[in-house]
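To keep things clear, I will list the structure first and then write my remarks on it.
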Amino acid sequence: MTNGLDDILKSRKDEHIYIVLENNVETKRSTWLENIILIHKSLPEIDLSAIDLRATLFGREFSAPVLIEAMTGGTELGARINKNLASVAQEYNIPMGLGSQRAGLRNKDTTWTYRIARETAPDAFLIGNIGAPQLRELRPRDIDELVSMIEADALAIHLNALQEVVQWEGDTNYSGVLSKIREITDYLDIPVLIKETGAGISKETARSVIEAGVRGIDVAGVGGTSWSAVEYYRAIRRNHEGKSNLGKLYWDWGIPTAASILEVKTAVHQSGVRERVYIIGSGGIRTGLDAAKSIVLGADFIGMAKPFLKPAIEGVKAIKKFLDLFLDELKTALFLTGSKNISELRSSEFVILSPLKDWIEQRKLII
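Count along the sequence shown from 1, add 5, and you get the number used in the working numbering.
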């Protein structure tokens, strides 16, 4: 038995997918990664074929520092996407996030659309997902269900304040979220990470969630998909003038990805926590060169959603084709900076141009 909210959640998930595929929902502002210039090494003194892309996230080693970001679930289309992505995550030994599991909590008939990822990828590192506004309604047994639904290796709490305020049926009550995050990190014995959804994370926000026990921060900065833009198109379809105007006005709101990585890096360095806090650079990562620059800035991993979406609908072969090209691009960046592995890439020399340089100076960020 479903009710009106269940039907809204299901239709909204598929509507989001089609809007992203059929419309230009990219931000007009860039990631600012173009303001990072890696220093070319004319004599790299390494063998391209011997370059090692292995990287660690939450204490587990993966074949490459690439996270398949959370996208969907709760519908048949979502299940097909999750199954195809999970197949590649298993084969390539890279982690994968699931879309918000709120629908699965509310309607048990949809849990299979999430569970299919674990059934397809029994050994993959899967990250569960729930939205920050929904935390206040979660009981301990709900948290247990989020984890058990996919046998999650970590849980992501996504921050989408911008999307919620533009969304015509959005939940804009963020009061008490930080204390709920602290409760969940204390309750769970798996890592909890915070992920933005396209507007970036500041050092102040990062510092507060680190103090609350979060051990991973996915920056999702400006430069990729704008969820304000996605909700703008949804509002247009419903002739909701107020929300469409709001979506248009805040289309580019937020912190560019390159700046957000440095914001979070600064917060991590200043936090004083002994346990490692991982940084995931995401938001407009479209090439292996983008990934290399993000890692040089301080990201432990990079995450992508939209670049995987169309291939995921087409099938496993299309996903693998995209990922192989992306990894070749990343290897090329390592080769041209004389880096044998990801660790050496992190210490590569680079130059920072304005406006990113100005942001760093004004915000007193650590490079």
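Idealized CB from N, CA, C, for every residue including glycine.
Query raised in the report: Leaving out five residues before and five after arginine 120 in sequence, what residues of the same chain have Cβ atoms less than 8 Å from its Cβ?
Result: Met154, Ile155
Query raised in the report: By Cβ distance below 6 Å, which residues in the same chain neighbour alanine 323 in space, the five residues on each side in sequence not counted?
Result: Pro316
Requested in this report: Give a yes or no on whether the C-beta atoms belonging to leucine 38 and serine 265 are separated by under 8 Å.
Outcome: For leucine 38 and serine 265, no; Cβs fall outside 8 Å.
Query raised in the report: Could you give the C-beta distance for valine 227 and alanine 204, rounded to a whole number, given that I count them as a contact under 8 Å?
Result: 6 Å
Query raised in the report: Can you find at least 3 beta carbon pairs, one from the stretch 278-293 and one from the stretch 16-30, that sit closer than 8 Å?
Result: No: the two stretches stay apart, fewer than three of their Cβ pairs being nearer than 8 Å.
Query raised in the report: Just how far apart, CA to CA, sit alanine 60 and aspartate 147?
Result: Taking the CA atoms as reference points, alanine 60 sits about 32 Å from aspartate 147.
Report task. Using only the heavy atoms of the ligand GDP, determine whether one of them is closer than 7 Å to the beta carbon of alanine 75. Result -> With respect to the ligand GDP, the structure offers nothing, as it holds no ligand at all.
Query raised in the report: Given that a residue counts as buried once 16 or more other Cβ atoms are within 10 Å of its Cβ, and exposed if not, what is threonine 116?
Result: buried
**Report entry** Proximity below 8 Å, CB of glutamine 168 to CB of serine 233
**Finding:** yes
Requested in this report: Closer than 6 Å by C-beta to threonine 7: which residues in its own chain qualify, once you throw out the five before and the five after it? Chain order, please.
Outcome: Low confidence applies here, because threonine 7 scores a pLDDT of 46, under 50, leaving its location unreliable and the question unanswered by this model.
Report task. Jot down the residue ranges of each uninterrupted beta strand (DSSP E) in the stretch 137-207, minimum 3 residues, whole runs only, in chain order. Result -> Every unbroken stretch of the beta strand (DSSP E) spanning 3 or more residues and falling wholly within the stretch 137-207 is given here in chain order: 159-164, 197-201.
Query raised in the report: Under a three-way DSSP split, which group does asparagine 346 fall into?
Result: strand
Report task. With serine 265 as the anchor, note down where its beta strand (DSSP E) starts and where it stops. Result -> Careful: serine 265 lies outside any beta strand (DSSP E), inside the alpha helix (DSSP H) at 262-276.
**Report entry** glutamate 334, enclosing alpha helix (DSSP H) - first and last residue
**Finding:** 321-341
Query raised in the report: Where does threonine 115 sit, in a helix, a strand or coil, going by DSSP?
Result: Threonine 115 falls in the helix class under three-state DSSP.
Query raised in the report: By DSSP, does phenylalanine 306 sit in helix, in strand, or in coil?
Result: Here phenylalanine 306 sits in strand by DSSP.
Query raised in the report: What number of angstroms, rounded off, separates the C-alpha of serine 344 from the C-alpha of glycine 136?
Result: 38 Å
Query raised in the report: Excluding five sequence neighbours on each side, which residues of the same chain lie with their C-beta closer than 8 Å to the C-beta of threonine 177?
Result: Pro138, Ala166, Glu169, Val170
Query - Inter-stretch contact (C-beta, 8 Å, three-pair minimum) for the stretch 48-59 and the stretch 74-81 - result: no
Query raised in the report: Cβ of aspartate 257 within 8 Å of Cβ of threonine 32?
Result: Yes; because the gap between Cβ atoms is below 8 Å, this pair is in contact.
Query raised in the report: What residue from Tyr237, Gly293, Gly247, Ile318 has the CA that sits closest to phenylalanine 306's CA?
Result: Gly293
Query raised in the report: Is the stretch 334-351 close to the stretch 239-246, with three or more CB pairs under 8 Å?
Result: The stretch 334-351 vs the stretch 239-246: no contact.
Requested in this report: Name the residue from Gly288, His274, Gln275, Glu246 whose alpha carbon lies nearest to the alpha carbon of glycine 259.
Outcome: Gly288
Query - C-beta contact flag for isoleucine 357 and glutamate 268 at 8 Å - result: no
**Report entry** Continuous alpha helix (DSSP H) stretch holding serine 105: start and end
**Finding:** Counting along the chain, serine 105 falls outside any alpha helix (DSSP H), and DSSP gives it neither H nor E.
Requested in this report: Give me whichever residues DSSP pairs with valine 356 in a beta bridge.
Outcome: Ile42
**Report entry** Simplified DSSP assignment, three categories, for arginine 242
**Finding:** Correct three-state label for arginine 242: helix.
**Report entry** Separation of alanine 159 from arginine 381, as counted between CA atoms
**Finding:** Missing from the structure shown is residue 381; the chain here goes from 6 to 372 and no further.
**Report entry** The beta strand (DSSP E) enclosing serine 287, as first and last residue numbers
**Finding:** Note, serine 287: beta strand (DSSP E), 283-287.
Requested in this report: Quick one: residues in its chain with C-beta nearer than 6 Å to the C-beta of glutamine 172, no 5 flanking neighbours on either side, listed in chain order?
Outcome: Glu236
Query raised in the report: Which partner residues does asparagine 134 have in the DSSP bridge list?
Result: Assignment of beta-bridge partners to asparagine 134 by DSSP yields Ala161.
Report task. Measuring alpha carbon to alpha carbon, tell me which of Tyr255, Arg291, Gly104 ends up nearest phenylalanine 331. Result -> Arg291
**Report entry** Pairwise C-alpha distance: isoleucine 132 and isoleucine 318
**Finding:** 20 Å
Requested in this report: For tyrosine 192, count neighbouring C-beta atoms within 10 Å of its own C-beta (all shown protein chains included) and say buried if the count is 16 or more, exposed if not.
Outcome: When all chains shown are included, tyrosine 192 counts as exposed.
Query raised in the report: Count the other CB atoms within 10 Å of the CB of histidine 274; is the residue buried (16 or more) or exposed (fewer)?
Result: exposed
Query raised in the report: DSSP puts phenylalanine 67 in a beta bridge; with which residues?
Result: Ala60
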